[in-house]
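**Q** Got a structure for you, questions after.
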Amino acid sequence: ALLQGFTDVRRREFLKLTGAAGITATLPFSRWVAKARAEGLIDGLSDPALQPKFVEQVPNALDPAFIYDTSKGKIKVAVGPTVQQIGLVDSSGNLLSTPLWGYGDKKLYTWPGRTFQVQSGEPLEVKWENRLTDLPYLITNLNGEPVVDTSLHWAYSLHGYDDFSIDENGTPLVMHLHGGHSDSHVDGNPEFFFSPGWEIRGPQWVTKKYVYQNDQPAGNLWYHDHALGITRLNVYTGMAGFYFVRDELDTGASDNPLGLPAFPYELAYAVQDRMFKDNGELFYPAFEGDPFWDDFITGEGAMPPFPEGPSALAEFFGDHMVVNGKIWPRTEVERRHYRMRLLNGGCDSRFIVFRFRSVPPGDTDLSNAGAPLPFHVIGSDQGLASSATMVDTLVFEPGSRYDIVFDFSQVPMGTRVIMENLGGDAPFGSDYGDALDPEEDFFPDRQTDRIMAFDVSLPLSGVPDEFDSAVIEQYGGNQAPVDRIRKVALFEGLDEYGRLQPLLGTAEPASDYAGNPVLNPDTGEPFNGAIAWASATTENPALGSTEIWEIYNATGDAHPVHLHLVNFEVLNRQEYTADLIEQPLRQHNGTFGVGFRLENIQLGAMVSGLTEYVENAPKDMVSALPGQVTRIKATFDKPGRYVWHCHILSHEDHEMMRVMHVGPGA
Numbered sequence: 004a005l006l007q008g009f010t011d012v013r014r015r016e017f018l019k020l021t022g023a024a025g026i027t028a029t030l031p032f033s034r035w036v037a038k039a040r041a042e043g044l045i046d047g048l049s050d051p052a053l054q055p056k057f058v059e060q061v062p063n064a065l066d067p068a069f070i071y072d073t074s075k076g077k078i079k080v081a082v083g084p085t086v087q088q089i090g091l092v093d094s095s096g097n098l099l100s101t102p103l104w105g106y107g108d109k110k111l112y113t114w115p116g117r118t119f120q121v122q123s124g125e126p127l128e129v130k131w132e133n134r135l136t137d138l139p140y141l142i143t144n145l146n147g148e149p150v151v152d153t154s155l156h157w158a159y160s161l162h163g164y165d166d167f168s169i170d171e172n173g174t175p176l177v178m179h180l181h182g183g184h185s186d187s188h189v190d191g192n193p194e195f196f197f198s199p200g201w202e203i204r205g206p207q208w209v210t211k212k213y214v215y216q217n218d219q220p221a222g223n224l225w226y227h228d229h230a231l232g233i234t235r236l237n238v239y240t241g242m243a244g245f246y247f248v249r250d251e252l253d254t255g256a257s258d259n260p261l262g263l264p265a266f267p268y269e270l271a272y273a274v275q276d277r278m279f280k281d282n283g284e285l286f287y288p289a290f291e292g293d294p295f296w297d298d299f300i301t302g303e304g305a306m307p308p309f310p311e312g313p314s315a316l317a318e319f320f321g322d323h324m325v326v327n328g329k330i331w332p333r334t335e336v337e338r339r340h341y342r343m344r345l346l347n348g349g350c351d352s353r354f355i356v357f358r359f360r361s362v363p364p365g366d367t368d369l370s371n372a373g374a375p376l377p378f379h380v381i382g383s384d385q386g387l388a389s390s391a392t393m394v395d396t397l398v399f400e401p402g403s404r405y406d407i408v409f410d411f412s413q414v415p416m417g418t419r420v421i422m423e424n425l426g427g428d429a430p431f432g433s434d435y436g437d438a439l440d441p442e443e444d445f446f447p448d449r450q451t452d453r454i455m456a457f458d459v460s461l462p463l464s465g466v467p468d469e470f471d472s473a474v475i476e477q478y479g480g481n482q483a484p485v486d487r488i489r490k491v492a493l494f495e496g497l498d499e500y501g502r503l504q505p506l507l508g509t510a511e512p513a514s515d516y517a518g519n520p521v522l523n524p525d526t527g528e529p530f531n532g533a534i535a536w537a538s539a540t541t542e543n544p545a546l547g548s549t550e551i552w553e554i555y556n557a558t559g560d561a562h563p564v565h566l567h568l569v570n571f572e573v574l575n576r577q578e579y580t581a582d583l584i585e586q587p588l589r590q591h592n593g594t595f596g597v598g599f600r601l602e603n604i605q606l607g608a609m610v611s612g613l614t615e616y617v618e619n620a621p622k623d624m625v626s627a628l629p630g631q632v633t634r635i636k637a638t639f640d641k642p643g644r645y646v647w648h649c650h651i652l653s654h655e656d657h658e659m660m661r662v663m664h665v666g667p668g669a
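In the numbering used here, the protein residues as written are 4 to 669.
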């Protein structure tokens, strides 16, 4: 019975076994190579090359008018329908409107959602509401067909929920405060979902009101939907926003003790990518015959028969760059230091590799650009760094945040500075330089190489510019003694339909918080290797313990790994070799796909020279690179049910997510 439905692996035809330092030929090291697309503009889709660049003024998410009033210690925030003009135009140059689902209240829902700004140590109660009553699913393909893949392990496929549907019962939602040191019942676990009016509640649902203790130092958090199996689509509709914690040092005020730039010289930008129809609506491919279907499904090695109806994608890349709900926007700045709180928040699969280059006034591309301009990285996901780091290029994985200071006085008055993107329109490997090859980008006349522009055109104000990089000495790392070294792994397998299925698992026999084996009921042996979401919990730290996680990447792509609850210290990376052994993988519906486990792991050279990764700050995201083991250190100080997952949204929705339970009761 175990082997029933177990098929031979049909790996992507472009799998490569070479070019990966430290990987043996028995470990299939893949590197996605996109086909150069011959077709030009696709009927019915917005052509990014024809859309205006650097025309729309970008909103600042830290503008006081865009910040929620949380002074009473409680607030109601809902998800509801809205329409925004984001800068898209039709073939005649007329502005188009885009239907969205955003966070807000009865008067105003926005993309992105309005910003929370709270004080460290002061709790905030948020009542999250689902006001998508009687609405069909927002995102459709060119034929107007909804793109929700009900063959996945998703909210309404769970036992006891499979009679529900979006058409009859509404879209399930649950809000996750990403980076929050949250109690487990308000963490936004994907099984805590709820339908409009809370008529349907997920199996782990507890309460309508979420109390965030905010018991953490200042940091750049964000909030987004996290419903099981539909996160990628709900975030795509517009469900994301900033959540800043302030403390006695990083106050956000102009007189802060660190001399950091403050509003209007502190900017918050959420960078996303999207596709649009030529009428302004969001577009997402999901059906055989849709534009880009071949790139994301059959081009990844999947073969029919596919599930009836829409199919989830292996990855997704949009061809329009969006910042705070505006396509390729601009802003005006003075010749002085600006602090930028940057979020890769809503790109499904895109690793952004950004840098700044100056161009003549009015230029909209990089053909006349100068050399990369340096800037300081002063912090990351959950706070300020141990020291400021001067760089000119930075890898920016999905879900991550960077806190940077850029000095616009290094360019003459009247200059335009473009935020450039070196990251390609393809899954990210170990070397972003691969993305510079145009053959790797399947979008014709690629426009995703630029993000936004800064026009150095404002006269200097009388506000002092006091930034001193030497004062950034805030993060001391995790000094707690280590209780356990845990070996986990990232895999690529196949689901029961033969689709590429990214997976998490272990790189050792699994054991619980007390050291007892966690047995696989199909084999009677401890779980070891790739494991789907619905199987028993294997990541079960003891309450109060400090662990080093060794994350072995057995795939050909980089994966942005996110742990809920904790912040962690990135320790190091090391090459390794291993044998990759094929084994059955039980799916959520009792069928079997293909998984793997690692055997004969041999460690190689330590990895150095990753200058485009600045990780000397408290992190909740880390790029696990192909053929490497990435080590992080975290303390698990709150009990209960959390999750860890890849933050490529298409991956987490297709089983690259696992329960992480702290303490007894897993």
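Every residue gets a Cβ at the ideal spot worked out from N, C-alpha and C, and that includes glycine.
#1: Taking C-alpha atoms, which residue in ASP170, TYR478, GLY349 lies nearest to LEU252?
#2: Write down every uninterrupted run of the beta strand (DSSP E) in the region 579–629 whose length is 3 residues or greater and which is fully enclosed by it, in chain order.
#3: Taking ALA620 as the reference, give the member of GLN120, GLY480, VAL420, LEU546 with the closest Cα.
#4: Identify which residue in PRO115, GLY328, ARG277 has its Cα closest to the Cα of ASP228.
#5: Quick check on DSSP: helix, strand or coil for HIS181?
#6: What's the gap between the Cα of ALA456 and the Cα of ALA289?
#7: If you draw a straight line from the alpha carbon of LEU99 to that of TYR405, how long is it in whole angstroms?
#8: Quick check on the burial criterion: 16 or more other C-beta atoms within 10 angstroms. Buried or exposed for ALA37?
#9: In whole angstroms, what separates the C-alpha of GLU335 from that of ASP468?
#10: Exposed or buried, what is MET663 when buried is set at 16 or more other beta-carbons lying within 10 Å of its beta-carbon?
#11: Strictly by DSSP, which residues pair up with MET393?
#12: Hey, how far is the Cα of HIS162 from the Cα of VAL92?
#13: On a Cα-Cα basis, can you pick out the residue from ALA256, GLY292, HIS323, VAL274 that is closest to LYS280?
#14: Could you check the C-alpha separation between LEU231 and VAL80 for me, to the nearest Å?
#15: Between GLU303 and ILE475, what straight-line distance do the alpha-carbon atoms span, to the nearest angstrom?
#16: Looking at VAL121: is its Cβ nearer than 7 Å to the Cβ of ILE78?
#17: By the three-class DSSP mapping on this structure, what secondary structure does ASP298 have?
#18: Quick one: which unbroken alpha helix (DSSP H) runs of 4-plus residues sit fully inside the region 277–326? Chain order, please.
#19: Can you give me the C-alpha to C-alpha distance between GLY666 and THR540, rounded to a whole angstrom?
#20: Going by alpha carbons, who is nearest to THR143 out of GLN577, SER314, GLU572?
#21: Which whole-angstrom value describes the C-beta separation of VAL420 and VAL414, a residue pair presumed to lie in contact below a C-beta threshold of 8 Å?
#22: Looking only at its chain, what residues have a beta carbon closer than 6 Å to the beta carbon of THR174, apart from the 5 residues adjacent to it on each side?
#23: With DSSP as the reference, label PRO642 as helix, strand or coil.
#24: Taking the C-alpha atoms as reference points, what is the distance between LEU127 and ALA158?
#25: Determine the direct distance from the alpha carbon of ARG277 to that of GLY83, and round the result to whole angstroms.
#26: Closest to LEU566 by CA distance: which of GLY96, ALA513, TRP647 is it?
#27: LEU53 CB to nearest chain D CB: under 7 Å?
#28: How is PHE69 classed by DSSP in three states: helix, strand or coil?
#29: Between which residues of its own chain and ASP498 is the CB-CB distance below 8 Å, once the five residues before and five after are set aside?
#30: Use the C-beta contact count for GLN275: other C-beta atoms within 10 angstroms, 16 or more gives buried, fewer gives exposed.
#31: Which class does LEU141 belong to by DSSP, given the choice of helix, strand or coil?
#32: Run through the DSSP bridge pairs and tell me what SER514 is partnered with.
#33: Compute the distance between the beta-carbons of HIS340 and SER472, then report whether it is under 7 Å.
#34: Can we say the region 634–645 touches the region 550–570, given the rule of at least three CB pairs closer than 8 Å?
#35: Below 8 Å, how does it come out for the region 141–156 and the region 188–199: are there three or more Cβ pairs, yes or no?
#36: Roughly how many angstroms lie between the CA atoms of VAL491 and MET306, to the nearest whole one?
**A** Taking the definition as stated:
#1: TYR478
#2: 595–609, 624–627
#3: GLY480
#4: PRO115
#5: strand
#6: 33 Å
#7: 32 Å
#8: The predicted model places ALA37 with a pLDDT of 37, which falls under 50 and marks its position as unreliable; any figure quoted below should be read in that light. Looking at its Cβ environment, which holds 16 or more other Cβ atoms inside 10 Å, ALA37 is buried.
#9: 17 Å
#10: buried
#11: HIS379
#12: 45 Å
#13: HIS323
#14: 20 Å
#15: 44 Å
#16: no
#17: helix
#18: 296–299
#19: 12 Å
#20: SER314
#21: 6 Å
#22: LEU135
#23: coil
#24: 28 Å
#25: 20 Å
#26: TRP647
#27: The question asks about chain D, but that chain is absent: this structure has only one protein chain.
#28: helix
#29: GLN504, GLN590, GLY596, HIS657, GLU658
#30: buried
#31: coil
#32: PRO520
#33: no
#34: yes
#35: no
#36: 29 Å
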